[in-house]
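In order, the protein sequences belong to chains A and B. Under the numbering used here, the residue at position 72 of the first sequence is numbered 684, and the numbers go up by one with no gaps. Under the numbering used here, the residue at position 115 of the second sequence is numbered 727, and the numbers go up by one with no gaps. All C-beta atoms, glycine included, are put in the ideal place defined by N, C-alpha and C. Take a look at the structure set out below.
Number of protein chains: 2
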Amino acid sequence: AAPGAPVMGGFPGQAQDPLYVYFSAVAGQDGQISAEELQQCLTQSNISGGYKPFNLETCRLMVNMLDRDFSHTMGFNEFKELWSVLNAWKQNFMSIDRDRSGTVDPQEMNQAIVSMGYRLSSQGMNGIIKRYSTHGKITFDDYVACFIKLRTLTDLFRRRDQAQQGVASFQYDDFIQCTMST
Amino acid sequence: AAPGAPVMGGFPGQAQDPLYVYFSAVAGQDGQISAEELQQCLTQSNISGGYKPFNLETCRLMVNMLDRDFSHTMGFNEFKELWSVLNAWKQNFMSIDRDRSGTVDPQEMNQAIVSMGYRLSSQGMNGIIKRYSTHGKITFDDYVACFIKLRTLTDLFRRRDQAQQGVASFQYDDFIQCTMST
Numbered sequence: 613a614a615p616g617a618p619v620m621g622g623f624p625g626q627a628q629d630p631l632y633v634y635f636s637a638v639a640g641q642d643g644q645i646s647a648e649e650l651q652q653c654l655t656q657s658n659i660s661g662g663y664k665p666f667n668l669e670t671c672r673l674m675v676n677m678l679d680r681d682f683s684h685t686m687g688f689n690e691f692k693e694l695w696s697v698l699n700a701w702k703q704n705f706m707s708i709d710r711d712r713s714g715t716v717d718p719q720e721m722n723q724a725i726v727s728m729g730y731r732l733s734s735q736g737m738n739g740i741i742k743r744y745s746t747h748g749k750i751t752f753d754d755y756v757a758c759f760i761k762l763r764t765l766t767d768l769f770r771r772r773d774q775a776q777q778g779v780a781s782f783q784y785d786d787f788i789q790c791t792m793s794t
Numbered sequence: 613a614a615p616g617a618p619v620m621g622g623f624p625g626q627a628q629d630p631l632y633v634y635f636s637a638v639a640g641q642d643g644q645i646s647a648e649e650l651q652q653c654l655t656q657s658n659i660s661g662g663y664k665p666f667n668l669e670t671c672r673l674m675v676n677m678l679d680r681d682f683s684h685t686m687g688f689n690e691f692k693e694l695w696s697v698l699n700a701w702k703q704n705f706m707s708i709d710r711d712r713s714g715t716v717d718p719q720e721m722n723q724a725i726v727s728m729g730y731r732l733s734s735q736g737m738n739g740i741i742k743r744y745s746t747h748g749k750i751t752f753d754d755y756v757a758c759f760i761k762l763r764t765l766t767d768l769f770r771r772r773d774q775a776q777q778g779v780a781s782f783q784y785d786d787f788i789q790c791t792m793s794t
C-alpha cells in the first residue's frame with residue numbers, strides 16, 4: 613500500500629470483498645458471527661431479495677452446517693461458502709417460483725430435491741415436504757432450511773457409512789449430537 | 613342432556629373439557645389441527661403465560677412429537693397429551709426462572725436436562741445448550757423446543773436399539789425420515 617493509504621481491518625485481501633463489508637459490520641473483534649448476527653448480516657445484505665428474511669432457526673441451521681470446530685459461530689470463510697450456496701439455492705427457487713408468489717408447490721419441491729441428487733422413498737419425500745409446508749406451500753426460508761438439513765444430515769450419515777452401503781451405526785450420544793445440532 | 617339443552621359438536625364427553633374450546637375453535641370439521649393452527653390455539657390458550665408465544669418451528673416439533681400416523685396434524689387426544697407435557701415443562705422452567713426474566717442460564721439448563729433423565733457426554737451437553745441459547749441464555753420457547761427434540765429423538769433411537777446397548781443402526785432413508793421430521 614502507498615504510504616498513508618488506509619489499512620482496513622488487518623485483512624488487506626478481504627478489504628476489497630464487498631461481502632466483507634456486511635460481515636465485518638457485525639462480526640466485531642473476534643471475526644466470528646453467531647446465528648443472531650448472521651440473521652442481521654443476511655437481512656442487511658438483502659440476499660432474500662423480495663422474499664421474507666431468514667428466521668433465526670434457519671440461521672442456526674446455517675451456522676451448524678458449516679461449523680467444523682463446534683464453536684457455534686461462523687468465520688468469514690464459512691460465510692463466503694454459505695453465501696455461494698445460498699445464491700445457488702435462490703437461483704433454483706426463483707426458477708421454480710416463476711410467478712414470484714414467494715412459495716413453491718409440493719411437486720416442484722419434490723423435483724428440486726431429486727434434482728439435487730437425493731434418493732428418497734416416496735414416504736420419506738412426502739414426509740419432508742409436509743414438514744416444510746405452510747398451508748400446502750413451501751416458502752423460500754423453509755426451502756433453504758430443508759436443503760440445509762438434508763445436506764448436513766446426509767454428510768453426517770455418510771461419514772458413518774464407511775462401507776457406502778447405505779447403513780450407519782450410531783452411539784446414542786453421537787446420534788443426539790448429530791441430530792440436535794441440525 | 614335435558615330436552616332443549618345445546619349439544620356441542622357431537623363429542624358430548626369433550627364438550628365439558630375447557631381445553632376442547634380452544635381446540636375445536638381452530639380444528640374445524642376434520643377434528644385435526646396443523647402446526648399453524650396449533651400455534652394459534654396455544655397463543656389463545658395463553659399457556660406461555662408471561663413468556664413469548666411459541667414460534668411456528670416449535671409448534672411443528674410439537675405436532676411431529678406425537679404424530680404417530682404421520683399425518684402432520686394433531687387430534688384432540690394428542691393435544692391433551694401435549695398440554696400436560698407443556699404444563700410440566702412450564703412448571704419446571706418457572707422453578708428455574710425465579711426472577712421471571714423469561715430466560716434460564718446454561719448451568720440451569722444442564723441441570724434440567726440431567727434431572728429429566730438424559731445421560732449425555734459433556735461435549736453433547738454443551739453442544740445442545742449452545743444450540744438453544746440466544747445471547748447466552750435459553751428462552752422458554754427454545755427450552756420447550758430442546759426438550760421436544762430430545763424426547764422425540766431419544767424415542768426414535770430406542771426403538772432401533774432393540775438390544776438396549778446404546779447403539780442403533782439406520783438405513784439412510786429411515787435416518788432422513790427420523791431426523792428431518794424433528
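At what residues does the beta strand (DSSP E) containing residue i begin and finish?
i          : result
Phe-682(A) : Careful: Phe-682(A) lies outside any beta strand (DSSP E) and carries neither H nor E.
Gln-783(A) : 779 to 783
For chain A, find out if any of its Cβ atoms is closer than 7 Å to the Cβ of residue i; answer yes or no.
i          : result
Ile-760(B) : no
Thr-715(B) : no
Gly-640(B) : no
Gln-723(B) : no
Gln-783(B) : yes
Leu-673(B) : no
Gly-736(B) : yes
Gly-621(B) : Since pLDDT at Gly-621(B) reaches only 46, below the 50 mark, its modelled position is unreliable, and the value read off the structure follows with that caveat. So no, Gly-621(B) is outside the interface.
Leu-765(B) : yes
Phe-787(B) : yes
Ile-750(B) : no
Glu-669(B) : yes
If I measure Cβ to Cβ from residue i and keep anything under 8 Å in the same chain, skipping five residues before and after, which residues do I get?
i          : result
Thr-751(A) : Tyr-663, Lys-664, Gly-714, Thr-715
Glu-693(B) : Leu-678
If we ignore side chains and look at the alpha-carbon of each, how far apart do residue i and residue j end up?
i          : j          : result
Gln-644(B) : Phe-688(B) : 7 Å
Ser-793(B) : Met-792(A) : 12 Å
Val-779(B) : Pro-630(B) : 43 Å
Asn-667(B) : Arg-771(A) : 33 Å
Thr-655(A) : Ala-775(B) : 48 Å
Phe-787(B) : Trp-701(B) : 28 Å
Gln-735(B) : Gln-783(A) : 14 Å
His-747(B) : Cys-653(A) : 16 Å
Ile-708(A) : Arg-710(B) : 50 Å
Leu-732(A) : Ala-647(B) : 24 Å
Met-737(A) : Arg-763(A) : 14 Å
Ile-740(A) : Tyr-730(A) : 12 Å
Gln-719(B) : Asp-642(B) : 44 Å
Val-697(A) : Ile-659(A) : 11 Å
Just to confirm the assignment, what range does the alpha helix (DSSP H) spanning residue i have?
i          : result
Ala-724(A) : 718 to 727
Tyr-730(A) : Element bounds for Tyr-730(A): n/a, residue is neither H nor E.
Asp-802(A) : In the structure displayed, chain A extends from 613 to 794; residue 802(A) sits before or after that span and is not available.
Thr-670(A) : 668 to 677
Ser-657(A) : 647 to 657
Pro-796(A) : Nothing can be reported for residue 796(A), as the shown portion of chain A is limited to 613 through 794.
Going along the chain, which residues of its own chain have a beta-carbon closer than 7 Å to the beta-carbon of residue i, five neighbours each way excluded?
i          : result
Pro-615(B) : Note that Pro-615(B) scores 41 on pLDDT, short of 50, meaning its location in the model is unreliable and no value can be drawn from it.
Asn-704(B) : Ala-724
Ile-760(B) : Leu-673, Met-674, Met-677
Glu-690(A) : Leu-678
Ser-657(A) : Tyr-634
Answer with buried or exposed for residue i, where buried requires no fewer than 16 other C-beta atoms within 10 angstroms of its C-beta.
i          : result
Phe-635(B) : buried
Phe-769(B) : buried
Gly-622(B) : Here the model assigns Gly-622(B) a pLDDT of 47, short of 50, so the residue's position is not dependable and the matter cannot be decided.
Ser-683(B) : exposed
Gln-651(B) : buried
Any heavy atom of the ligand FMN within a distance shorter than 6 Å of the CB on residue i?
i          : result
Lys-749(A) : Absent from the structure shown: the ligand FMN. Ligands present: none.
Using a Cβ-Cβ cut-off of 7 Å, state whether residue i counts as contacting chain B.
i          : result
Thr-791(A) : yes
Phe-666(A) : no
Val-779(A) : yes
Ser-657(A) : no
Leu-732(A) : yes
Glu-743(A) : Here residue 743(A) is Arg; the residue named in the question, Glu, does not match the sequence. Interface residue, yes.
Gly-739(A) : yes
Phe-635(A) : no
Using a Cβ-Cβ cutoff of less than 6 Å, which residues in the same chain neighbour residue i once the five nearest sequence positions on both sides are dropped?
i          : result
Gln-789(B) : none
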